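S.K.:
Numbering (our numbering), first residue to last: 2 to 197.
Right, here's the structure in full:
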């Protein structure tokens, strides 16, 4: 079954996302009769997406890692750069940031890494930065009752009051989700920066 959901993510828009997700599921065309997801499946996937994005917004790798299975992998591809963290423990402690010049892992977030790739400077951690991260145009394809693919676009926006709001990095996600003990989690999340 292939499901297309057209909504963005923001922490204050979770309720709207769930309602639109329900509508998207109700109007989905059944192109793969292998499995039709239930409302419980879609709510579990929404919770996983929320954990990932909330962790991203707060620069909290431990929270972000709760969206992954124990053997999950987080990958970032941009230009000639590829960063990878394998396993929930590594995602929680190391994230995706390459080691700092001192040899210790820097604080991580997709926005920081993507900003650095695009020519910005990653922050050194601490409080969340003024970057709004949006995810939209989500496509889900359920291959079985325990495995699904997800594809969607993302965009970082840097808001400002005293100057023009600017668009930061953009790209897309290529994900594999698995259902473990009744919970949908990322087996693999690939973040691709700046290209389709």
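Just so it is clear, CB atoms sit at the ideal spot from N, CA and C, and this is done for glycine as well.
Keep in mind the model is a prediction, meaning the values are calculated, not measured.
What does DSSP give as the partner residue(s) for residue 190 in the beta ladder?
M.R.: In the DSSP output, where bridge partners are listed per residue, residue 190 has 75, 176.
S.K.: Can you tell me the Cα-Cα spacing of residue 72 and residue 158, whole angstroms?
M.R.: If you take the alpha carbons of residue 72 and residue 158, they lie about 31 angstroms apart.
S.K.: Pairs of beta-carbons, one from the region 36-53 and one from the region 140-149, closer than 8 angstroms: are there three or more?
M.R.: Yes: at least three Cβ pairs fall under 8 angstroms.
S.K.: Give the DSSP-derived three-state secondary structure of residue 152 in the structure shown.
M.R.: In the structure shown, residue 152 sits in a strand (DSSP, three-state: E or B).
S.K.: DSSP three-state label for residue 96, please.
M.R.: Coil at residue 96, not helix or strand.
S.K.: For the beta strand (DSSP E) that residue 86 lies in, which residues bound it at each end?
M.R.: 82-87 is the span of the beta strand (DSSP E), which, as asked, contains residue 86.
S.K.: Among 85, 136, 79, which has the Cα closest to the Cα of residue 53?
M.R.: The shortest C-alpha separation from residue 53 is found at 136.
S.K.: Are the region 51-65 and the region 164-179 touching, with three or more C-beta to C-beta distances below 8 angstroms?
M.R.: Verdict: no, contact absent.
S.K.: Going by DSSP in three states, residue 159 sits in which element: helix, strand or coil?
M.R.: In the structure shown, residue 159 sits in a strand (DSSP, three-state: E or B).
S.K.: Whole angstroms are fine: how far does the CA of residue 140 sit from the CA of residue 155?
M.R.: Their Cα atoms are separated by approximately 13 angstroms.
S.K.: Judging by CA-CA distance, which residue of 190, 50, 79, 42 is the nearest neighbour of residue 174?
M.R.: It is 190 whose Cα lies nearest to the Cα of residue 174.
S.K.: Taking the alpha-carbon of residue 160 as reference, which of 183, 134, 180, 187 has the nearest alpha-carbon?
M.R.: Answer by Cα proximity: 134.
S.K.: Taking the Cβ atom as the reference point for each residue, do residue 68 and residue 93 lie within a distance shorter than 8 angstroms?
M.R.: No, Cβ-Cβ distance for residue 68 and residue 93 is not below 8 angstroms.
S.K.: Output the distance between the C-alpha atoms of residue 183 and residue 46, rounded to the nearest integer angstrom.
M.R.: So the alpha carbons of these two residues sit roughly 11 angstroms apart.
S.K.: For residue 148 and residue 179, which I take to be in contact (beta-carbon distance under 8 angstroms), what is that distance rounded to the nearest angstrom?
M.R.: About 6 angstroms separates the two Cβ atoms, so the contact holds.
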